[in-house]
Every structure is written in structure tokens, then in C-alpha cells.
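**Student:** Residue numbers (my numbering), protein chains in the order written: chain A, 1 to 291; chain B, 292 to 448.
Glycine residues also receive a C-beta, built at the ideal position from the N, C-alpha and C atoms.
Below are the C-alpha cells for one structure; questions will follow.
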Amino acid sequence: MKYSLFLGCTIPARSRNYELSARAIASRLDLEFVEIEDFSCCGFPLEASDEMGAILLGAMNLCLAEEKGLDICVLCSACASMLTKTAYHLDHDQKLREQTNKELAKIGKEYKGTVKVKHFARILLEDVTLERIKKETKQNLKGLRVATHYGCHYLKPAYIYEGFDDPQDAQTLELILETVGVSNIQYRRKKDCCGGPVLLSDEEVALKVAEEKLRNVKEAGADCMNLVCPFCSLMFDANQKGIETKSGDEFDIPVLYLPQIIGLAMGFSRKELGLNLNSVSTKELESVLEA
Amino acid sequence: MRTFSLRDLDSDFVDEIESLDFIGTFRDCYACGTCTGGCPVHRVNNDYDPLRIMRMLVLGLREELLKGEMIWLCSDCYTCQENCPMEVKITDIINHLKNLATHEDNTPLGVSTQKKLLMDQGKIYIIDEFDNKKRAKAGLPSLPEMAEEARKLLNKR
Numbered sequence: 001m002k003y004s005l006f007l008g009c010t011i012p013a014r015s016r017n018y019e020l021s022a023r024a025i026a027s028r029l030d031l032e033f034v035e036i037e038d039f040s041c042c043g044f045p046l047e048a049s050d051e052m053g054a055i056l057l058g059a060m061n062l063c064l065a066e067e068k069g070l071d072i073c074v075l076c077s078a079c080a081s082m083l084t085k086t087a088y089h090l091d092h093d094q095k096l097r098e099q100t101n102k103e104l105a106k107i108g109k110e111y112k113g114t115v116k117v118k119h120f121a122r123i124l125l126e127d128v129t130l131e132r133i134k135k136e137t138k139q140n141l142k143g144l145r146v147a148t149h150y151g152c153h154y155l156k157p158a159y160i161y162e163g164f165d166d167p168q169d170a171q172t173l174e175l176i177l178e179t180v181g182v183s184n185i186q187y188r189r190k191k192d193c194c195g196g197p198v199l200l201s202d203e204e205v206a207l208k209v210a211e212e213k214l215r216n217v218k219e220a221g222a223d224c225m226n227l228v229c230p231f232c233s234l235m236f237d238a239n240q241k242g243i244e245t246k247s248g249d250e251f252d253i254p255v256l257y258l259p260q261i262i263g264l265a266m267g268f269s270r271k272e273l274g275l276n277l278n279s280v281s282t283k284e285l286e287s288v289l290e291a
Numbered sequence: 292m293r294t295f296s297l298r299d300l301d302s303d304f305v306d307e308i309e310s311l312d313f314i315g316t317f318r319d320c321y322a323c324g325t326c327t328g329g330c331p332v333h334r335v336n337n338d339y340d341p342l343r344i345m346r347m348l349v350l351g352l353r354e355e356l357l358k359g360e361m362i363w364l365c366s367d368c369y370t371c372q373e374n375c376p377m378e379v380k381i382t383d384i385i386n387h388l389k390n391l392a393t394h395e396d397n398t399p400l401g402v403s404t405q406k407k408l409l410m411d412q413g414k415i416y417i418i419d420e421f422d423n424k425k426r427a428k429a430g431l432p433s434l435p436e437m438a439e440e441a442r443k444l445l446n447k448r
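Rendered as C-alpha cells:
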């Protein structure tokens, strides 16, 4: 299995723990990543202010993968939705496609519609398969109670995602965790957003949305959270201390990326999975695992 | 309760935005309120109300929508759009309204700053020598400082 790896802006600069753990488990699962140096921003940050600019960036990145003849593996859910949405619109709207290709021609590119975009987690499920993940599991994570946060753009808008999961009753991430023995725990308002995109316009509102979720996860007695997007991680992990200070409540919930949890089950070290880079300490999890 | 004069309503607004086919779906809204009921932002700040936005569209409250702050509180989470029984593309519509508001110079600083960063660098964060040293130490491949092609593409328009 060979994919071009789309990192986007946030992961290489702020979420090396996600990149490290994803690359680590990918190599164990024979999932080969090819680097494309010219990959840029996916376009997502432009969607609200310059929708055509967003489509152009999305399309340019799709072209780069097309030139290499490789499908795209995306780690960030916002990037996954932007690139998938761009391909969807360009494949369904001839006028938009012509308009886009006219602009792309100025840098010598043309969108042809030959590559598929998939989130890393979807690749684990559909291409790597659960059987293979199970085969590589060395340490059963039985006893680890995990609250999964699907986030929004991993699943939505549903019309671009071909029904690979159901936004109203998402299962895919928990299916993967089940394979490595984790106890998936349920909590109130599980489908809610992290609040991340509002951070740019109203920090207070954004942090309050995240606070609600942390409170619900805490209430359910989770040992940690599981997620697949660097924006969600920013809200729940990096901002957790600040939310605690503001609200006066203590959450102390480690927030892990999906491949960090799978990596633990595969026997990778803390450092190989970048667990030392998480904001909320993940050390206490080890006592849960050893017990 | 706020009142509006009929003279303030802009009936052309609907035609102006309906040129995009998905936008017209707001006409199917029968005001059931499922959108607002499930909205995670509404729960923490009830100034934000997606149903109100759909009704404001129907009434043609152009100025109120595009000069106000409400649309910018949308977190783009798509909950309303996925829940809508009439399949109104609520989130897509609000996103387009944000674009129209930008044309009227109503953009939060954070959003316009990101646009400027992308016009200048092609990505939000520059990867400098220090970053690449840290990446190399962790066994990660080095990355270019900026995304030149993307920068060119955005600026050649």
C-alpha cells in the first residue's frame, strides 16, 4: 500500500506526536508514505473568506498527487474534508472545474480527477484492515477506558464521504480501538464539535464548547480521549490547562491521537509515539496499562 | 423583541445568492428548529442561532446578516446540516455568507490574518531551520520553509 502523505500546516509545526505515531504504526503495517515537497495548505483556512482560493489550493494539492499517480493519505480531518470536498465539487461541477483549471494552468497544472483522498483512519479500516492490526497487536490494552471524539470533518459533510461511516452514529474509530482491546466508553453529547474553528472569531465561545466536552468525558470516567485531528487536539489537549484555570474545574484527561493508542498496543516506546510531546501528561496511563 | 421596517428588507438579496444552486435549499426550511436544537455553539451562547440565519435569509435581511457578528460564530461543524429534515445545506450556506461578509469588510481579524499568511507563504506556519532540526532529530523528513507554488497560484489571480 502506497500513499502520498498530506501533512498540512499544523501537524509538522505543532503536532509532531501525531506525525511520529502515524508514521511508526504505518511502517509496521506496510503502509508506505511518499513525501511530496510542494504540498501546501489544503485551503481550509480560506473557506470562510476566499472560497475560490480554497478550491484552488485544494485542487493544486490534488494535482501534485496526480502527477505522482498516488492516492492521498491525510492525517488532519480539516485537510481531509477540504481535499475531499474540492475533488467532489470539481467532479460534479463542470463550470467550476473549467474555472479552476484556467487558474491552475498559470502554474502549469491541470486537475484530471484521478486520485482518491482518504483519512489515515479510513485507510487503517479499509486498506490495512482490522485483521492486520490485530495481528500486529502485542499488548492488549484491556482495561484502558477510552472516550473517542470523532470530531466534525472526519465525517462531515456526509455528502462528500461516500458513506464510509455514519455521522449520526459513527463507529469506525471505535471499531479500530476494539481491535486492540480498548474499552470504548460512551459519554454525553459525544457528537459535539471541539469548538476549534470559532477560536479565530470568539475565543471564549470556542473554549466553552471544548469545556462542555471535557466535562462530559470526565463524568463518564474515561482514562483518556482518542481523536484524529490536530485542531481537536489543540482544543482538548493544549488548551485543557487554560480551560481548567478559567472554569476552576480539574479535568486532567490525557488526549491521545488514534495512532498513539494503537502504537502502545503494538509495543512502541513512549518516545517513538511522541507521547512525551502531549500537553496533558500521559504517564499515568502507563499504570493503567501495567495493572 | 427586535422589529424591522419592511423598507429595510432587501428582496434582491435572495436572488443575488441563489445563483449558487445549493443556496436555494434554504427555501425548503419550515422553521422546525432542529438546527438550533442540536447546535453546540448555541448551547454555550444563544446569540448564535442557525434557524434565525435561515429566516433572515428568507426575509432578505442583508445588512443585518452580512454586517453582523452572528455568522462568524458558526463552528463549521455541520451538525445542523446533517440533522436538517429538509436537507437544507445550512453550513454550506453560512460559509458562503461569511464570504459575502468578507467582501463587505466584515471579517474577524483571525480569519483575515490567516488569509494574509497563505497569500504570503502558501501555508499557515513556516517551517524554519530550527523546526527542521527538531524534525531530523525525531527521524522525520525535512520540509521546505514555504509553499512557493501555492503562493504563486493565489497571487496570480
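1. Is the separation between the beta-carbon of B/L356 and that of B/L388 shorter than 9 Å?
2. By the DSSP assignment, the beta strand (DSSP E) with B/I273 in it spans what residues?
3. Looking only at its chain, what residues have a beta carbon closer than 6 Å to the beta carbon of A/L46, apart from the 5 residues adjacent to it on each side?
4. Short check: CB of A/C41 to CB of A/H153, under 9 Å?
5. In chain B, which residues lie with their C-beta within 7 Å of the C-beta of A/G53?
6. What does DSSP give as the partner residues of A/V74 in its beta bridges?
7. Chain B partners of A/I107, CB-CB under 8 Å?
8. Please classify A/K213 as buried or exposed, where buried requires at least 16 neighbouring CB atoms within 10 angstroms.
9. At a CB distance below 8 Å, what residues from the segment 304-334 of chain B approach chain A? Give them in sequence order.
10. Tell me the residue span of the beta strand (DSSP E) that contains A/M225.
11. Just grab the DSSP bridge partners of A/R23 for me.
12. If contact means a Cβ-Cβ distance below 9 Å, which residues of the segment 365-381 of chain B contact chain A?
13. Counting pairs of Cβ atoms below 8 Å between the segment 336-350 of chain B and the segment 228-244 of chain A, do you hit three or more?
14. Taking the alpha helix (DSSP H) that A/T137 belongs to, which residues open and close that run?
15. If I measure Cβ to Cβ from B/N446 and keep anything under 8 Å in the same chain, skipping five residues before and after, which residues do I get?
16. Looking at the unbroken beta strand (DSSP E) that takes in A/L256, where does it start and where does it end?
17. Would you identify the three-state DSSP class for A/V292, choosing helix, strand or coil?
18. Whole angstroms are fine: how far does the CA of B/T316 sit from the CA of B/V305?
19. Any contact between the segment 19-32 of chain A and the segment 259-273 of chain A? By contact I mean 3 or more CB pairs, one from each, below 8 Å.
20. Output yes or no for whether 9 Å exceeds the beta carbon distance between A/R16 and B/A438.
21. Where does A/L155 land, buried or exposed, given buried means 16+ other C-beta within 10 angstroms?
22. Between A/V128, A/G58, A/S201 and A/V217, which lies nearest to B/Y339 when the distance is taken from Cα to Cα?
23. Are any of the Cβ atoms in chain A nearer than 9 Å to that of B/V402?
24. So which of B/I418, B/E373, B/V402 and B/P376 has the shortest CA-CA distance to B/I362?
25. Applying the 10 Å Cβ sphere with the 16-neighbour rule, what's the burial state of B/L400?
26. Give me the subset of the segment 187-199 of chain A whose CB atoms are less than 8 Å from a CB atom of chain B, sorted by chain position.
27. Hey, out of B/V335, B/L408, B/K380 and B/K358, whose CA is closest to B/T398's CA?
28. Taking CB distances under 9 Å as the criterion, tell me whether B/D383 reaches chain A.
29. Can you name, in chain order, every residue of its own chain whose Cβ lies under 7 Å from the Cβ of A/K109, other than the five neighbours on each side?
30. When Cβ atoms are compared, which residues of the segment 349-360 of chain B fall closer than 9 Å to chain A?
31. List the residues of chain B that A/D38 touches, going by C-beta distances under 7 Å, in chain order.
32. Give me the DSSP bridge partner(s) of A/S183.
33. For A/M235, is the classification buried or exposed, using 16 other Cβ atoms within 10 angstroms of its Cβ as the cut-off for buried?
34. Pull out every residue of the segment 123-152 of chain A whose Cβ sits closer than 9 Å to any Cβ of chain B, in chain order.
35. Enumerate in chain order the residues of its own chain whose CB-to-CB distance from B/V452 is below 6 Å, with the five nearest sequence positions on each side excluded.
36. The ligand FAD and B/G359: does any heavy atom of the ligand fall closer than 8 Å to the residue's C-beta?
**Tutor:** According to the data block:
1. yes
2. Examination of residue 273 of chain B is not possible in this model, given that chain B is present from 292 through 448 alone.
3. G53 and A54
4. Not a contact, by the Cβ cut-off of 9 Å.
5. L445
6. A/F6 and A/H119
7. E440, K443, L444 and K447
8. buried
9. P331, V332 and R334
10. C224 to L227
11. Answer by DSSP bridge pairing: none, since A/R23 is not bridged.
12. C365, S366, D367, C368, Y369, T370, Q372, E373, N374 and K380
13. no
14. Counting along the chain, A/T137 sits inside no alpha helix (DSSP H), nor does DSSP assign it H or E at all.
15. M410
16. V255 to Y257
17. Outside the displayed span of chain A (1 to 291) sits residue 292 of chain A, for which this structure offers no information.
18. 11 Å
19. yes
20. no
21. buried
22. A/S201
23. Under the 9 Å criterion on CB atoms, B/V402 is classed as interfacial with respect to chain A.
24. B/V402
25. exposed
26. R189, K191, D192, C193, G195, G196, P197, V198 and L199
27. B/T398 has its Cα closest to that of B/K358, out of B/V335, B/L408, B/K380 and B/K358.
28. yes
29. M60 and C63
30. For the segment 349-360 of chain B, the beta-carbon criterion of a distance under 9 Å to any beta-carbon of chain A is satisfied by E360.
31. Neighbours of A/D38 on chain B, chain order: A438 and E440.
32. A/R145
33. buried
34. G151 and C152
35. What is shown of chain B runs 292 to 448, which leaves residue 452 of chain B out entirely.
36. Ligands in the displayed structure: none, and consequently the ligand FAD is not present.
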